[in-house]
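Note that the protein sequences, when read in sequence, are chains R and L. First residue of the first sequence: 1, per my numbering; consecutive thereafter. First residue of the second sequence: 117, per my numbering; consecutive thereafter. Quick reminder that beta carbons are idealized off the backbone N, C-alpha and C, glycines included. A short worksheet on the structure shown next.
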Amino acid sequence: GAVVSQHPSRVICKSGTSVKIECRSLDFQATTMFWYRQFPKQSLMLMATSNEGSKATYEQGVEKDKFLINHASLTLSTLTVTSAHPEDSSFYICSARSGEGANIQYFGAGTRLSVL
Amino acid sequence: AQTVTQSQPEMSVQEAETVTLSCTYDTSESDYYLFWYKQPPSRQMILVIRQEAYKQQNATENRFSVNFQKAAKSFSLKISDSQLGDAAMYFCAYRGVPNAGNMLTFGGGTRLMVKP
C-alpha cells in the first residue's frame with residue numbers, strides 16, 4: 001500500500017513552545033489529508049481535514065489558532081501546536097488520501113507529544 | 117450523522133482459533149465504504165480489509181473476512197487461525213461515497229488479545 005511518513009515520532013517540549021509535525025505522502029499525491037488525535041485506550045478523534053491549497057476545515061471544538069494546519073503541496077501537510085500546554089500532550093496521527101480511487105486512507109505512524 | 121459502534125471493548129482468542137469482532141453502524145446513505153483497521157502496539161494504523169456497500173459478496177483477505185449485513189447495518193470481522201501478531205486494537209470505520217470532504221468515522225475500538 002501507499003506510504004505516509006510522519007515526523008517526528010516523539011517530541012518533548014516545554015510549556016509555551018510551539019511544535020511542528022510533518023506528514024508526507026511518499027509515493028502518491030494526497031489531495032486530502034486528515035489530522036487525528038488519540039487519547040490512551042480511545043479511538044481516533046478527527047481534528048481537521050485539509051485540502052491542498054485551501055484552508056483546513058476544523059471539527060467542532062478544535063481551536064484553529066491552537067492547531068495550525070498547512071497543506072502547501074500535494075505531498076506535505078503540517079500541524080503546528082502553538083503555545084503548547086500539558087493538556088495538549090497526546091498522540092497525533094495524520095492520514096492521507098489520494099485523488100484517484102479515493103476510498104482508502106493511509107496513515108502515518110503517529111507523533112507522541114509530551115508537554116512538560 | 118453517521119455513527120459506528122463496536123460493542124466489545126476487549127476480546128480474547130486462543131492461538132489458531134477463530135474470533136469475530138462486531139461492528140454496527142448507522143447511516144441514511146445507500147452507498148458507502150466500510151473498513152477494518154488494525155492498530156498494533158506500535159500505534160501504526162494498518163488497513164485490514166474493506167467492503168464496498170454496493171457489493172453483496174463479503175470481502176476476504178487471507179485469514180480475514182467480513183460478514184456484511186447491509187439491512188442490519190452490521191459489519192463483523194472474522195479472524196481465522198489467529199496468530200500472536202494479530203493482537204492489537206481493531207477499529208471499524210465508515211466512509212460515505214468518495215468526494216473531497218468525506219472522512220472516516222471510527223468506532224470505539226476492540227482490543228484483541230491472543231493467548232498462546
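query = Quick one: is Gly201(L) near chain R, going by C-beta distance under 7 angstroms?
reply = Output row for Gly201(L): interface = no.
message = Helix, strand or coil, according to DSSP, for Leu79(R) in the structure here?
response = strand
ask   = Between Ser196(L) and the rest of its own chain, which residues show a CB-CB distance below 7 angstroms, the 5 nearest in sequence each way excluded?
value = Thr134, Arg179.
query = Taking 7 angstroms as the CB-CB limit, is Leu220(L) close to chain R?
reply = Yes, its Cβ sits closer than 7 angstroms to a Cβ of chain R.
Test: Gln160(L) CB closer than 7 angstroms to a CB of chain R = yes
request  = Taking only beta-carbon positions, decide if Ala109(R) is within less than 7 angstroms of chain L.
outcome  = yes
inquiry  = For Val11(R), which residues in the same chain have their Cβ closer than 6 angstroms to its Cβ, ignoring the five residues on either side in sequence?
reply    = Val19, Leu113
Environment of Leu116(R) [buried if 16+ CB atoms lie within 10 Å] = exposed
inquiry  = Please identify the residue among Pro8(R), Ser5(R), Arg24(R), Tyr106(R) whose C-alpha is closest to the C-alpha of His71(R).
reply    = For His71(R), the closest of Pro8(R), Ser5(R), Arg24(R), Tyr106(R) by C-alpha to C-alpha distance is Arg24(R).
key: Identified DSSP bridge partners for Met83(L)   = For chain L, the structure presents residues 117 to 232; residue 83(L) sits outside this window and is missing.
key: Extent of the continuous beta strand (DSSP E) run through Lys154(L)   = 148-155
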